[in-house]
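Those protein sequence lines, which keep their order, are chains A and B.
Mind the numbering: the first sequence is residues 569 to 942 in my numbering, read in order.
Mind the numbering: the second sequence is residues 569 to 942 in my numbering, read in order.
A virtual CB, placed ideally from N, CA and C, is assigned to each residue, including glycine.
The structure presented is a predicted model; accordingly, all values stated were derived computationally and were not measured.
Contents: one structure, followed by commentary.
2 protein chains.
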Amino acid sequence: MALTDADHARLSRLHIDIKDHTANFLGYPVSKDFDYTDLLPFLEFPLNNLGDPFADSTWKVATREFEQEVVAFFADVLRAPKDNWWGYVTNGGTEGNLYGLYLAREMMPKGIVYYSQDTHYSVAKNLHFLGMRSIMIRSQLNGEIDYDDLRAVMHIHRDAPPIIFANIGTTMTEARDDIRRIRAMMDELALSHYYIHADAALCGMICPFIEPRPPFDFADGADSVSISGHKFLGSPIPCGVVIAKKNNVDRISRSISYIGSLDTTITGSRNGFTPLMLWHRIRSLGIDGMRARVDKALATAAYTERRLREIGVEAWRNPDCITVVLPKADATLKEKYQLATANGITHLICLPNVSTEQIDQFINDWQLLSKAEK
Amino acid sequence: MALTDADHARLSRLHIDIKDHTANFLGYPVSKDFDYTDLLPFLEFPLNNLGDPFADSTWKVATREFEQEVVAFFADVLRAPKDNWWGYVTNGGTEGNLYGLYLAREMMPKGIVYYSQDTHYSVAKNLHFLGMRSIMIRSQLNGEIDYDDLRAVMHIHRDAPPIIFANIGTTMTEARDDIRRIRAMMDELALSHYYIHADAALCGMICPFIEPRPPFDFADGADSVSISGHKFLGSPIPCGVVIAKKNNVDRISRSISYIGSLDTTITGSRNGFTPLMLWHRIRSLGIDGMRARVDKALATAAYTERRLREIGVEAWRNPDCITVVLPKADATLKEKYQLATANGITHLICLPNVSTEQIDQFINDWQLLSKAEK
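This is how it looks when you write it as structure tokens:
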């Protein structure tokens with residue numbers, strides 16, 4: 569059975585359109601400098617990493633061993649406690665965040681979740697889903713959580729264990745909440761029972777390669793971290809990794825007889841192709857390759873900020889960030905470069921694939937449109 | 569940047585292993601007669617169908633139009649009410665079930681979920697996740713819900729709206745709960761406010777092609793239906809479709825400014841490749857091709873049941889089902905054919921790709937092992 573000629577033609581047109589749109593975008597945090605050709609032969613098979621990646625299963629059409637290596641790599645980079653970590657490859661950052669919050673809820677059913685105003689909209693949805701009590705904390709102008717407000721609110725609610733949902737890179741300004749500072753606050757307020765989840769969707773693969781290293785991971789106080797694979801690393805299919813402390817995960821695991829596996833993941837059937845992609849990316853880049861991509865992205869961001877300021881645009885960025893924030897762009901630019909806007913600002917995200925030529929073109933377009941308006 | 573030779577060798581070994589395991593399995597409900605070669609060029613791009621597939625988005629590296637067609641196809645096959653359906657391509661049946669239960673909870677916060685003993689383990693996990701009150705109902709010996717028990721329990725709890733989680737094909741015996749009969753029970757008990765979700769993971773693409781058609785879809789009384797794409801249809805990546813009544817979905821939608829889209833889906837970033845696969849499958853098979861696959865599978869199941877009985881194995885199956893149930897298999901067979909076992913039974917699932925030769929080989933192995941035991 570095959571497609572008709574008309575259907576093939578539709579696919580060809582879609583391919584052309586998407587190629588075009590991929591070439592132009594500057595406003596979404598996804599990399600496009602990847603090549604997974606090596607892995608295409610695996611799409612012949614009904615891959616499925618069902619259940620816990622670290623448990624045995626009767627089902628063998630899977631890439632569990634590779635998934636284990638991917639998880640171990642991330643646990644290491646995120647400085648998870650030795651022999652006390654667990655994780656799996658998710659369908660994206662949101663699933664990892666949902667997992668972290670779920671763990672926190674199970675451990676602290678009476679806890680209150682604190683998260684800043686600049687938190688991604690999916691988090692409020694997750695909290696509603698899980699029926700968790702939560703309080704939104706003010707953000708600073710740069711998008712980082714307002715520590716004074718957090719401290720004041722936690723002080724009022726000292727009877728409930730705090731669950732911190734920390735942004736390691738907010739959606740709009742890539743602001744990073746300082747986990748070490750938040751942790752110190754717990755000591756100050758004599759709060760011994762708390763949970764910190766780090767949403768490091770974009771920055772989880774940036775921060776480990778920055779000096780000084782932003783405080784965001786297990787060594788800094790996180791209890792779980794979620795990272796997206798399709799963002800800074802890049803992949804054609806949304807994916808991610810969530811890492812948590814194993815002793816916490818063990819508490820919520822349930823013995824499941826059907827797949828002969830302790831099922832600690834959210835979904836049953838799980839993608840077996842995305843772990844291969846992450847493995848391929850890790851192995852082919854290596855730590856040096858990853859650091860080089862971060863350096864390149866930061867250099868492009870610095871260039872972008874400088875060039876925009878030169879033409880009089882009030883662009884700015886948070887320290888060591890690849891996101892350049894600027895005033896809300898004209899609709900033509902928004903359309904052409906697929907720019908996300910919110911609260912009167914927009915942003916360019918200088919992923920490793922973004923070239924200075926592309927930035928120059930954007931600046932040229934901006935100037936042309938500014939003149940046209942006058 | 570490229571892989572080392574050693575890494576390439578590991579991938580080659582994995583490919584060989586998986587090919588082998590794919591050739592042999594008989595115990596898991598996933599088809600393997602697919603070919604998506606036409607679509608591989610799309611894996612060059614960072615595809616992402618973020619947000620609602622029917623809403624506009626500034627992000628264009630997506631396959632939303634194709635996803636819309638896929639959803640429309642399923643809505644039609646599942647006889648959803650004209651102009652009152654909505655849906656999206658999920659990461660698998662579990663996500664669709666979670667969505668259906670979430671919708672039910674939002675509409676009936678004080679509802680009680682009823683589901684049979686034979687329900688997939690992920691459902692109890694979902695219910696715990698969503699914090700929903702639930703009561704497990706007895707199953708009949710064939711795996712179908714015990715209607716008398718359901719009626720009795722609902723009668724006791726007539727003050728709470730019932731939320732039915734119906735299995736349209738249980739995991740072990742492919743038993744199908746009769747939605748029309750359950751609906752009639754609601755009338756009998758004067759329950760006007762209720763919700764029925766159909767978990768048609770495997771059978772959603774089987775039942776529409778059987779005469780007489782098993783009562784399982786919207787026309788029979790379902791309010792939402794979840795189907796897996798990687799099960800009967802077949803795909804290398806777990807996926808599925810969930811369809812719900814649009815007026816119900818509208819109630820829980822929230823306006824989200826960031827992606828310029830009403831976000832009614834569970835995750836934010838969504839796979840843009842799986843909708844293309846489902847579209848490809850639908851277009852290349854057509855309704856006739858789908859019916860032919862169902863006929864072939866049913867014929868193989870009948871053959872399997874008969875052959876097993878001929879050699880004295882007490883095999884059986886539910887009416888018009890492709891799953892043949894048999895006593896718990898020997899460990900060697902369990903390993904070789906990747907058979908799932910639970911409660912002292914195992915099963916062979918006669919998907920369209922299963923050949924009578926493969927069944928003959930299984931029977932041969934069974935006989936050899938039986939003799940060896942004597």
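- Here A630(B) has L615, N616, N617, G840 as same chain residues with Cβ atoms under 7 Å from its own Cβ, once five neighbours each way along the sequence are excluded.
- For Y871(B), the CB contacts under 7 Å within the same chain, skipping 5 residues up- and downstream, are T924, I927 in chain order.
- A straight line joining the alpha-carbon of V881(B) with that of L901(B) spans about 14 Å.
- By the criterion of a C-beta distance shorter than 7 Å, I703(A) is surrounded in its chain by I680, Y682, V721, once the five residues flanking it on both sides are discounted.
- Going by C-alpha positions, D745(A) is about 30 Å away from G699(B).
- For G699(B), the nearest CB of chain A lies under 8 Å from its own CB, placing it at the interface with that chain.
- It is roughly 10 Å from the alpha-carbon of I724(A) to the alpha-carbon of L718(A).
- Bounds of the alpha helix (DSSP H) holding N665(A) are 661-675.
- With a threshold of 16 other beta carbon atoms within 10 Å, H798(A) meets it and is buried.
- Contact annotation: S690(B) and T658(B) have beta-carbon atoms that are not nearer than 8 Å.
- It is roughly 15 Å from the alpha-carbon of V638(A) to the alpha-carbon of R838(A).
- With a cutoff of 8 Å on beta-carbon distance, T914(B) and A940(B) are scored as not near each other.
- In the three-state DSSP reduction, K813(A) falls in the strand class (E or B).
- Under the rule that a run must span 4 or more residues, the alpha helix (DSSP H) segments found entirely inside the segment 847-923 of chain B read 899-904.
- Under the rule that a run must span 3 or more residues, the beta strand (DSSP E) segments found entirely inside the segment 749-773 of chain A read 763-767.
- Across the segment 574-586 of chain A, CB contacts with chain B closer than 8 Å involve D575, H576, L579, L582, H583, D585, I586, in sequence order along the chain.
- When DSSP states are grouped into helix, strand and coil, I820(B) belongs to the helix group.
- One thing to note: I750(B) has its Cβ within 8 Å of the Cβ of I764(B).
- Along the segment 626-639 of chain B, going in chain order, the ones with a CB nearer than 9 Å to a CB of chain A are T626, W627, K628, V629, A630, T631, E633, F634.
- A Cβ-Cβ separation of about 18 Å leaves I820(B) out of contact with V809(B) under the 8 Å criterion.
- In this structure, DSSP gives N735(B) an extended state, which the three-state scheme calls strand.
- The continuous beta strand (DSSP E) containing M704(A) extends over residues 702-705.
- Against P806(A), the close residues of chain B are N616, S837, R838, N839, in the order they occur along the chain (beta-carbon pairs closer than 7 Å).
- Beta bridge pairing from DSSP links S794(A) with D767(A), V810(A).
- Taking a cut-off of 8 Å on C-beta distances, the segment 811-818 of chain A touches the segment 647-658 of chain A, as three or more cross pairs fall below it.
- The continuous stretches of alpha helix (DSSP H) do not include T658(B), which lies in the beta strand (DSSP E) extending over residues 653-658.
- Taking a 10 Å sphere around the C-beta of Q906(B), we find 16 or more other C-beta atoms and assign the residue as buried.
- Nearest neighbour of R885(A) by Cα position, chosen from N932(A), A768(A), D933(A), E742(A), turns out to be E742(A).
- Rounded to whole angstroms, the separation of the alpha carbons of Y762(B) and P677(A) is 29 Å.
- For the pair E756(A) and I731(A), the Cα-to-Cα distance works out to about 16 Å.
- For S923(A), not one C-beta of chain B is nearer than 8 Å to its own C-beta.
- Contact holds between the segment 860-874 of chain A and the segment 763-781 of chain A, because three or more Cβ pairs, one in each stretch, are under 8 Å apart.
- Close to chain B, meaning a Cβ-Cβ distance shorter than 9 Å, are the following residues of the segment 595-609 of chain A: G595, Y596, V598, S599, K600, F602, D603, Y604, T605, D606, L607, L608, P609.
- DSSP, read as helix, strand or coil, puts S625(A) in coil.
- Closer than 8 Å at the C-beta level to chain A, one finds these residues of the segment 639-673 of chain B: N659, G660, G661, T662, E663, Y670.
- Contact of G802(A) with chain B by beta-carbon distance below 8 Å involves P614.
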